[in-house]
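Asker:
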Amino acid sequence: MEAFTYDALPARVRFGAGTLGLLREEAERLGAKRVLVLSTPQQEDQARQAEALLGPLAAGRFAGATMHTPVEVTERALALAIELGADCVVAIGGGSTTGLGKAIALRTDLPQITVPTTYAGSEMTPILGQTEGGRKSTIRSLKVLPEVVIYDVDLTLGLPPALSATSGMNAIAHAAEALYARDRNPVISLMAEEGARAFARALPRIMDNPRDAQARSDALYGAWLCGACLGAVGMALHHKLCHVVGGSFDLPHAETHTIILPHAVAYNTPAAPEAMARLAAAIGAEDAASGLFALAGRIGAPRALRDLGMAEAGIDQAAREATENPYWNPRPIEPGPIRALIARAWAGEAPVA
Ligand code: NAD
């Protein structure tokens, strides 16, 4: 066994079907008396459902969460929290709503109950990405880590299949990079393998029947594990590429992750053979990169950046930005192969190690 360091993050997790019904009990357990419920405009009905379950503890709702956690949206939600005298926030939704809850907690230290409805995994991380004037910055602080996470499988039954596919691939990306992280450790590696395995099993079944409760349960379990990986160890080339490509060309988050993942894994395969063997076994493939590319195809997820609207002329810019200030990566960042990787991801070609 190699030497390692393992920092456990505090988390209280309630997992199951119908667990949103535990919301009031969990709020009371935190001593909350005036809860502000957060959602996107698209999920306001679920926010109303949360308010109804909270009963007299519900102080109000803010259904204005949006992508990339813009500071101006946070400020509006914060003003409402102050006006209402909120002593707790409930964030019900995907990574965007979770991000708003975290942004409020960063500024107020209010306790958070997060109810994830996608597989993004943000609820398990002490990381907040926010944007101001179009610029994104990332903060790492235990203040933003939710006190309680309620995973309710029922809330994910209606997650549209296309979003389920890309959100699931986004989660697998956290597990893949955790397996070869510089600060990897045996506990997180086990969670990464199990998380990737859960998704590889669940996603095709969800595509066949989006309301398959067992498959949805496996996927949400995978989301918890993969989110915990993202929160615990450092990410590498894949996350850097997604940050650069997604940020510079304003591409959607989960779709970008889905397309880049097989290519980033292929690039790192020669430098991390043991991690890749574990990942391949977890997803039931002979080779991790081609297995992930095949999985994306099987579940009908996008496989070409050009299909997201990125212009071919962007390949050179992305390659340049990806090689500036690179994250640590098991394989050195080489400009030529990185450009070739981005070009293949742009065109939707199969990954090449
Ligand atoms: P999202 O939260 O933007 O959700 C996408 C859309 O799907 C929204 O309209 C949302 O309301 C809707 N939706 C969510 N769940 C639904 C459901 N069950 N049924 C129907 N509609 C539903 O997307 P996301 O991929 O979950 O999150 C992406 C964001 O999260 C990005 O901004 C990303 O940077 C951030 N993120 C942060 C971390 C972190 O650790 N800080 C980790 C992962 C993702």
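For the sequence shown, the positions run 16 to 368 when my numbering is used.
Beta carbons: idealized from backbone N, C-alpha and C, even for Gly.
Since the structure is predicted, the reported quantities are computational estimates derived from the model, not experimental observations.
1. Suppose you measure from the CA of Ala74 to the CA of Glu41; what does that come to, to the nearest Å?
2. Using only CA atoms, which one of Cys103, Leu205, Gly79 and Val163 lies nearest to Ser137?
3. Take Thr181 as the anchor and find which of Ala238, Arg197 and Leu160 has the nearest alpha-carbon.
4. The ligand NAD and Asn224: does the residue's C-beta get closer than 7 Å to at least one heavy atom of that ligand?
5. With burial defined as no fewer than 16 other Cβ atoms inside 10 Å of the residue's Cβ, what is the status of Ser305: buried or exposed?
6. Identify, in the order they occur along the chain, each residue of the same chain with its Cβ nearer than 8 Å to the Cβ of Pro369, setting aside the five sequence neighbours on each side.
7. So, helix, strand or coil for Asp331, using DSSP?
8. Kindly say whether Ile221, judged by its beta-carbon, lies nearer than 8 Å to any beta-carbon of chain B.
9. Short of 8 Å in beta carbon distance, which residues of its chain neighbour Ser156, apart from the five on each side in sequence? Order them along the chain.
10. Would you kindly work out how many angstroms separate the C-alpha atoms of Ile107 and Gly299, rounded to a whole number?
11. For the beta strand (DSSP E) that contains Glu98, what are its first and last residues?
12. Just confirm the distance between the C-beta atoms of Tyr134 and Ala186, as a whole number of angstroms; I'd bet it's less than 8 Å.
13. How is the beta strand (DSSP E) around Glu162 delimited, first residue to last?
14. Specify the secondary structure class of Ser111 as computed by DSSP and reduced to three states.
15. Can you list the beta strand (DSSP E) stretches of 3 or more residues lying completely in the stretch 246 to 325, in chain order?
16. Around the C-beta of Ala326, are 16 or more other C-beta atoms found within 10 angstroms, so that it is buried, or is it exposed?
17. Ignore the nearest five residues each way along the sequence and tell me which others in Ala9's own chain have a CB closer than 7 Å to its CB.
18. Where does Ala360 sit, in a helix, a strand or coil, going by DSSP?
19. Quick check: the Cα distance between Thr84 and Ala118, rounded to an integer number of angstroms?
20. Does DSSP put Thr146 in a helix, a strand or coil?
21. Which one of Phe264, Pro131, Glu192 and Ala196 has the shortest CA to CA distance from Val168?
22. First and last residue of the beta strand (DSSP E) that includes Pro131?
23. May I ask you to check if the CB of Asn283 is nearer than 7 Å to at least one heavy atom of the ligand NAD?
24. For Ile128, which residues from the same chain have a beta carbon less than 6 Å from its beta carbon, with the 5 sequence-adjacent residues on both sides left out?
25. Measuring from the CB of Ile142, is there a heavy atom of the ligand NAD at a distance below 7 Å?
26. Should Val50 and Ala96 be called a contact, given that it needs their Cβ atoms to be closer than 8 Å?
27. Once DSSP output is grouped into helix, strand and coil, what is the label at Thr55?
28. For the stretch 331 to 346 and the stretch 218 to 234, state whether three or more C-beta atom pairs, one from each stretch, are separated by less than 8 Å.
29. Is there at least one non-hydrogen atom of the ligand NAD closer than 7 Å to the beta-carbon of Gln127?
30. Would you say the beta carbon of Pro175 is closer than 7 Å to some non-hydrogen atom of the ligand NAD?
31. I think Arg359 touches His278, with their Cβ atoms under 8 Å apart; what is that distance to the nearest whole Å?
32. Taking 7 Å as the cut-off, is the beta-carbon of Gly110 closer than that to any non-hydrogen atom of the ligand NAD?
33. For the structure I just gave you, are there three or more beta carbon pairs, one from the stretch 24 to 31 and one from the stretch 52 to 64, closer than 8 Å?
34. From Ala311 to Thr171, what does the alpha carbon distance come to, in whole angstroms?
35. In or out: Ser152 buried (at least 16 other Cβ within 10 Å) or exposed?
Answerer: Let me lay it out:
1. In a straight line, the C-alpha of Ala74 is about 16 Å away from that of Glu41.
2. Among Cys103, Leu205, Gly79 and Val163, the Cα nearest to that of Ser137 belongs to Val163.
3. Ala238
4. Not one heavy atom of the ligand NAD is found less than 7 Å from the C-beta of Asn224.
5. buried
6. There is no way to answer for residue 369, as the model of the chain reaches only from 16 to 368.
7. For Asp331, the secondary structure class from DSSP, reduced to helix, strand or coil, is helix.
8. Among the protein chains of the structure shown there is no chain B, as only one such chain exists.
9. Excluding positions up to five away in sequence, the list reads Leu121, Pro141 and Leu143.
10. 33 Å
11. Segment Val86 to Leu99 is the alpha helix (DSSP H) holding Glu98; no beta strand (DSSP E) there.
12. Rounded, the Cβ-Cβ distance is 4 Å, consistent with contact.
13. Run containing Glu162: none; DSSP gives neither H nor E here.
14. helix
15. If you keep only unbroken beta strand (DSSP E) runs of at least 3 residues inside the stretch 246 to 325, you get nothing at all.
16. exposed
17. Since the first and last residues shown for the chain are 16 and 368, residue 9 lies out of range.
18. helix
19. 8 Å
20. strand
21. Pro131
22. Gln127 to Pro131
23. no
24. Glu41, Val105 and Val163
25. yes
26. Taking C-beta atoms as the reference points, Val50 and Ala96 fail to come closer than 8 Å.
27. In the structure shown, Thr55 sits in coil (DSSP, three-state: anything other than H, G, I, E or B).
28. no
29. No, the ligand NAD has no heavy atom inside 7 Å of this Cβ.
30. yes
31. 6 Å
32. yes
33. no
34. 20 Å
35. exposed
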